[in-house]
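J.:
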Amino acid sequence: MISHKLFHHLNYSAQMKRLSTWIAFATFLFLLNTTTCVEYEVKRTLIQFLAQVSGKDGQQNSTLLWKQDADPCNGPWQGVHCDPQNMSIKKLLLDNLNFSGTLDLAMLCNLQPLAASLTYLTLDGNKISGVIASEVGNCKQLTRLHLSGNQLAGHLPSSLAMLNNLKRLDISNNQFSGYLPDLPRISGLSVFLAHNNYLGGTIPAFEFSNFDQFNVSFNNFHGHIPNVHGYFSAESFLGNPELCGDPLPKNCSDQHMPITEAPTSEKPKGASKEQILMYSGYAALGVIIVLFVVLKLCRRKKGEKKVEALNNRVGGGGGGVEKPRNVSSEYKSEVSRSEFSVPSESGVVSQSLVVLSSHAAMELRLEELLGAPAELIGRGKNGSLYKVMLDNGIMVVVKRIKDWTISSHDFKQRMRILSQAKHPHVLPPLAFYCSRQEKLLVYEYQQNGSLFKLLHGSTKALDWSSRLGIAATIAEALAFLHQEVGHHGIVHGNLKSSNILLNKNMEACISECGIMDMDDQRGSPSGTSTDAGALDILKGDVYGFGVIVLELLTGKLVKGNGIDLTDWVQSVVREEWTGEVFDKSLISEYASEERMVNLLQVAIRCINPSPQARPTMNQVALMVNTIKEEEEKSLIYENNTKNPNATLALLFLELEQHKTHTHIKNKENETQDKFFPPLVVTVLIGNATHMAMPPTPATTLTVCQLACLSFSGVGSTQIDPF
C-alpha cells in the first residue's frame with residue numbers, strides 16, 4: 001500500500017516537473033516571438049518610410065540595402081546608426097539622396113520602439129514634399145531634426161515644442177507658412193534655422209544667449225524683434241519687410257505696427273451647425289480663461305495684503321515697502337514687473353526668504369523682490385535669470401529654478417554650505433527662497449558681464465596675459481570649491497564661460513555654483529555614466545574648465561556642450577598643426593607660443609574622455625599657476641632694461657620659488673628659509689650692467705650681498721634688502 005502511494009507521489013512530481021519545464025519553454029518562445037515581432041515591425045516601418053520618402057516605389061531600398069532579411073544594426077543598411085548596447089535605432093541620416101517622395105513622420109513616431117530611441121533624423125538636400133505631422137511630438141528623444149532644402153509646406157505643428165531634448169532644428173529653404181510654435185520652451189535648443197520660408201506672425205521671445213546659430217531671414221515676420229543682446233546681427237532677420245528694431249536699421253516707431261491676426265480663408269456665406277457649436281465652445285473657453293485670470297489676480301492681491309500685514313506685525317509697523325527711489329521712468333518702461341512668482345501651499349506669498357549675507361539683511365525682502373522691476377537676461381536648462389532693481393536702487397540678480405526634485409531640507413543645507421565657502425572669486429548667494437514648486441537665488445549683480453560676452457561680444461580682443469590670468473583665477477577658485485564643499489557632493493555642475501562673471505576690477509568670479517542637478521551630469525561629455533561616486537562628479541567640473549581654457553586659447557564659440565570645439569582642437573593637434581589652434585589676435589601680439597602650448601596641453605588633459613584620467617582641480621591649478629609664474633618672470637626679464645629696480649623684483653620672485661637655508665629678513669623682521677641659485681645671480685648682475693638707467697645704491701648693494709652669500713655657501717646671514 002505504501003509502495004503504491006509512493007509510486008503515485010513520484011509520478012505526480014515527475015509530471016509537475018515536466019509541466020514546469022514546458023511552461024518555462026513556452027514563456028521563452030513567447031518572449032522570443034515578441035522580440036522578433038518588434039524587430040520585424042521596426043524593419044517593416046523603416047522600409048515603408050523609405051519607400052514613401054524616396055518616391056521610387058522601393059527601388060531606393062535596394063540601393064541603400066534596406067531589406068527585410070537583413071539586420072538594420074548589424075547588416076548593410078546605409079544611413080542607419082544603432083546604439084551598440086541595446087541595438088536600438090538611434091540615427092537616420094538620409095541627406096542629399098535625391099529623394100522626391102512625401103514625408104510621413106507619423107509613420108516613424110507612432111511606432112513606440114522607434115519613437116523611444118530615435119535621436120537624429122536628417123533629410124537635408126532632397127526634394128521631399130508634404131508636411132510635418134503633429135505626431136512628431138511622440139519622438140521625444142530627438143536631438144536633431146534637419147529638413148532643410150526640400151519642398152515641405154504647411155504650418156509647423158505645436159507639438160514641435162514638446163521635443164524637450166531637441167538641440168538643433170533646421171527647416172530652412174522650404175515652403176513652410178503660419179506661425180512659429182512655442183519653441184522658446186525648449187531650453188536646450190541651440191540651433192534654429194528657418195530662413196527662406198513663408199513663416200509669419202511675430203518672433204517669439206527666444207533667449208538668444210543659448211543659441212549658437214539663429215536665422216529667420218526672408219520670411220513674412222512682422223513686429224518688434226525681441227532683444228538679441230548683441231548675439232546675432234541683422235543678417236539673421238533680413239528679408240522680413242514688416243520686421244523692425246535692433247539689430248535691423250528700421251526703427252519700430254517709424255511704422256504702424258500691424259495687429260497680429262491669424263490668416264483666414266475666404267469668409268463663408270453661412271455657418272453650419274458644427275461651426276456654430278465650435279464657435280460657441282471657443283466663446284465659453286474664453287469666458288473661463290478670463291474668469292480664471294481675474295480669480296488669480298484677486299488671490300494675488302489678497303496675498304500681498306496679508307504679507308504687508310505680516311510685515312507690520314514683525315517689523316513693528318515700520319516694515320512696509322517703501323516707494324521706489326532712483327528708478328527712472330525710462331528704465332521702468334524698458335522692463336516688466338517680476339515674472340517669477342512664489343505660490344505657497346495656502347495660496348499666500350511665503351515670507352521664507354532666507355538671507356545669507358549680513359550686509360544684505362536690511363535690504364532684501366521677498367515681497368519687495370517680487371514687486372521690483374525685473375528684466376529677463378538669461379534662460380538656461382536649469383532655470384531663468386532676472387536682473388532686478390530694488391526700491392533703494394541696488395541691483396541684484398535672481399536665479400529662478402523650477403521643477404528641481406531636491407528636498408527643501410537638502411536645498412537649504414546646500415545653500416548654507418555654499419554661503420560658508422568664502423573665496424574672493426566665488427560668487428556666493430545673498431539669499432534664497434525655497435518652495436516645492438520653485439527655488440529663487442539672489443546674487444550680487446556684476447555690471448561687467450560674463451567671460452562669454454568679453455570673448456565673443458566685444459570689439460576689443462582680450463590679450464594673452466589677461467586670458468592666462470583668468471584661467472589661473474578660475475582654476476584656483478574651482479580647486480577651492482572642490483576642497484571645501486566637494487565632500488558634501490556639491491560641485492559646480494554647469495561650468496561655462498557665461499557663468500564666469502567679471503567683478504568691478506575685471507577679475508573672474510565663478511557664479512551659479514551647486515545649482516545643477518547631478519543626474520543631468522551623468523552620461524554627459526563632462527560627466528560619466530559610471531557609479532564611481534563623487535570623484536567622477538568633480539571630474540565633470542574639470543572637463544568644463546578644460547573647455548573654457550580652449551575657448552580662451554582659440555577665441556571660438558563653444559557648441560554642442562563643448563564637443564565640437566574639443567573634437568576640432570584634438571584633430572588639429574593630432575595633425576601637428578598646433579599653431580592653427582590659437583586665436584589670431586594672440587599670434588599678432590607675439591604672445592609666447594611655448595606657454596600657450598603648455599596651457600593647451602593642460603586643457604587637453606582636462607577634456608580626456610575618461611573622467612578617471614583627468615587631473616584633479618588642485619593639480620590643474622598648480623599647472624596653470626606655474627605657467628602664469630613663467631609668464632610673469634618673462635615680462636620682468638623683458639622690462640629690466642627700462643626699470644633699474646626690475647632686477648631686484650625678479651630676484652625676490654625667484655626667492656619665492658626655491659628653498660634652502662639662506663635666511664632673508666622681510667619688512668616685518670620675520671626670517672624665512674629661501675633659496676637663491678648662483679646662476680640667477682650671475683644673470684641678474686649681467687643684466688644690471690646693461691641697464692639703460694643705473695640701479696639705485698640699495699639695489700646694487702643687495703644684489704652683491706646675495707651674490708656673495710650664494711657663491712660662498714653661507715646659510716645663516718641676514719640681509720635687509722630695504
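Take 1 as the starting number for the sequence shown in full-length UniProt numbering and just add one per residue. Glycine included, C-beta positions come from ideal geometry on N, C-alpha and C.
(1) Keeping to the same chain, check which residues put their C-beta closer than 8 Å to that of THR45; ignore five residues upstream and five downstream.
(2) Only counting the same chain, and skipping five residues up and downstream in sequence, which positions put a Cβ closer than 7 Å to that of ASP583?
(3) Measuring only the C-alpha atoms, how far is LEU97 from ASN126?
(4) Could you give the DSSP three-state label for HIS488: helix, strand or coil?
(5) If I measure Cβ to Cβ from PHE49 and keep anything under 7 Å in the same chain, skipping five residues before and after, which residues do I get?
(6) Closest to PHE176 by C-alpha separation, out of VAL191, PRO184, ASN210, VAL131, would be which residue?
(7) Is it the case that the Cβ atoms of LYS453 and SER190 are separated by a distance below 8 Å?
(8) Between ASN509 and VAL426, how many whole angstroms is the CB-CB distance? I'm expecting something under 8 Å.
(9) Could you pull out every unbroken alpha helix (DSSP H) segment of at least 4 residues lying fully inside the segment 85-165, listed in chain order?
(10) Throw me the rounded Cβ distance for the SER158 and PRO184 pair, which I believe falls under 8 Å.
(11) Go ahead and label GLN420 buried or exposed: buried means 16 or more other beta carbons lie within 10 angstroms of its beta carbon, across all protein chains shown.
(12) Is the segment 455-474 touching the segment 623-642 in the sense that three or more CB pairs, one from each, lie closer than 8 Å?
(13) Does DSSP put ILE394 in a helix, in a strand, or in coil?
(14) Only counting the same chain, and skipping five residues up and downstream in sequence, which positions put a Cβ closer than 8 Å to that of TYR198?
(15) Once you ignore the five residues that flank LEU418 on each side, which residues in its own chain have a CB closer than 8 Å to its CB?
(16) Are GLN446 and LEU502 closer than 8 Å when you measure CB to CB?
(17) Within a Cβ cutoff of 7 Å, which residues of the same chain sit near HIS229, ignoring the five residues on either side of it in sequence?
(18) Kindly indicate which three-state DSSP category LEU494 falls into: helix, strand or coil?
(19) Grab the span of the beta strand (DSSP E) containing CYS434 for me, first residue to last.
(20) May I have the straight-line CA-CA distance separating SER280 from VAL287, to the nearest angstrom?
(21) Thinking just about the alpha-carbon of each residue, which of GLU375, ILE186, ILE406, PHE292 is nearest to the one in PRO226?
(22) Provide the residue span of the alpha helix (DSSP H) that contains SER408, from first to last.
(23) Helix or strand or just coil, what does DSSP make of ILE627?
(24) Between the Cα of TYR179 and the Cα atoms of ALA161, LEU166, LEU385, which residue gives the shortest distance?
(25) Report the three-state DSSP secondary structure of PRO611 (helix, strand or coil).
(26) If you compare alpha carbons, which of ASN251, PHE214, SER384 is closest to MET516?
(27) What are the boundary residues of the beta strand (DSSP E) that ASN197 is part of?
(28) Which term fits THR405, buried or exposed, when burial requires 16 or more other beta carbons within 10 angstroms of its beta carbon?
(29) Where does TYR40 fall in DSSP's three states?
(30) Could you tell me which of VAL354, TYR433, LEU440, GLN68 sits nearest to residue 743, measuring between CA atoms?
(31) Rounding to the nearest angstrom, what Cα-Cα distance links VAL294 and ALA284 in this structure?
T.: The relevant details are as follows:
(1) Taking the first residue of the sequence shown as 1, we reach residue 45 at position 45. Counting only Cβ-Cβ distances below 8 Å, and skipping sequence neighbours, we find MET107, LEU108, LEU111, LEU114.
(2) Indexing the sequence shown from 1 puts residue 583 at position 583. Within the same chain, ASP583 has close Cβ partners LEU553, THR554, GLY555.
(3) Translated into the one-based positions of the sequence shown, residue 97 becomes position 97. Translated into the one-based positions of the sequence shown, residue 126 becomes position 126. Cα-Cα distance, rounded: 6 Å.
(4) On the sequence shown, position 488 is the one that residue 488 refers to. In this structure, HIS488 counts as helix in the three-state DSSP scheme.
(5) Against the sequence shown, residue 49 aligns to sequence position 49. Result list for PHE49: ASP104, MET107, LEU108, in chain order.
(6) Walking along the sequence shown from the start, residue 176 turns up at place 176. The shortest CA-to-CA distance from PHE176 to any of VAL191, PRO184, ASN210, VAL131 is the one to VAL131.
(7) Within the sequence shown, numbered from 1, the residue matching residue 453 stands at position 453. Within the sequence shown, numbered from 1, the residue matching residue 190 stands at position 190. No; because the gap between Cβ atoms is not below 8 Å, this pair is not in contact.
(8) Taking the first residue of the sequence shown as position 1, residue 509 is located at position 509. Taking the first residue of the sequence shown as position 1, residue 426 is located at position 426. The sequence given here has Cys at residue 509, not Asn. That pair is a contact at about 7 Å.
(9) 105-109, 112-115
(10) Looking up residue 158 in the sequence shown gives position 158. Looking up residue 184 in the sequence shown gives position 184. At roughly 13 Å, the Cβ-Cβ gap does not stay under 8 Å, so SER158 and PRO184 are not in contact.
(11) What you label residue 420 is simply residue 420 of the sequence shown in a count that begins at 1. The residue is exposed, with fewer than 16 neighbouring Cβ atoms inside 10 Å.
(12) Taking 8 Å as the limit for Cβ pairs, the verdict is that the segment 455-474 does touch the segment 623-642.
(13) The residue you call residue 394 lines up with position 394 of the sequence shown. Three-state result, ILE394: coil.
(14) As a first step, residue 198 must be located in the sequence shown, where it is residue number 198. Only GLN175, PHE176, SER177, ASN219, ASN220 meet the Cβ criterion.
(15) For this step, residue 418 is matched to residue 418 along the sequence shown. Counting only Cβ-Cβ distances below 8 Å, and skipping sequence neighbours, we find PRO428, PRO429, VAL485, ILE490, CYS513, GLY514.
(16) Taking the sequence shown and counting its residues from 1, one reaches residue 446 at position 446. Taking the sequence shown and counting its residues from 1, one reaches residue 502 at position 502. Yes. Within cutoff.
(17) As a first step, residue 229 must be located in the sequence shown, where it is residue number 229. The answer, listed in chain order, is PHE208, SER209.
(18) Here residue 494 corresponds to residue number 494 of the sequence shown, with the count starting at 1. The question names Leu, but residue 494 is Asn in the sequence shown. In this structure, ASN494 counts as coil in the three-state DSSP scheme.
(19) Translated into positions along the sequence shown, residue 434 becomes position 434. According to the DSSP assignment, CYS434 belongs to the beta strand (DSSP E) that extends over 431-434.
(20) As a first step, residue 280 must be located in the sequence shown, where it is residue number 280. As a first step, residue 287 must be located in the sequence shown, where it is residue number 287. Their Cα atoms are separated by approximately 11 Å.
(21) Counted from its first residue, the sequence shown places residue 226 at position 226. Comparing Cα positions, the closest option is GLU375.
(22) On the sequence shown, residue 408 is found 408 positions in, with the first residue counted as 1. Looking at the DSSP string, the run of the alpha helix (DSSP H) that includes SER408 is 408-420.
(23) Mapped onto the sequence shown, residue 627 falls at position 627. ILE627: helix per DSSP, three-state reduction.
(24) Along the sequence shown, read from residue 1 onward, the residue named residue 179 stands at position 179. Of the listed residues, the one whose Cα sits closest to TYR179 is ALA161.
(25) Locating residue 611 in the sequence shown gives position 611, where the first residue counts as 1. Helix, per DSSP.
(26) Numbered from 1 along the sequence shown, position 516 holds the residue referred to as residue 516. With distances taken between Cα atoms, MET516 lies closest to SER384.
(27) Residue mapping note: residue 197 aligns to position 197 of the sequence shown, counting from 1. For ASN197, there is no enclosing beta strand (DSSP E), as DSSP marks it with neither H nor E.
(28) Walking along the sequence shown from the start, residue 405 turns up at place 405. It is exposed - the Cβ of THR405 has fewer than 16 other Cβ atoms within 10 Å.
(29) Translated into the one-based positions of the sequence shown, residue 40 becomes position 40. Three-state DSSP puts TYR40 in a helix.
(30) With the chain represented from 1 up to 722, any question about residue 743 goes unanswered, as that position is not in the structure.
(31) As a working note, residue 294 is residue 294 in the sequence shown. As a working note, residue 284 is residue 284 in the sequence shown. For VAL294 and ALA284, the distance between alpha carbons rounds to 16 Å.
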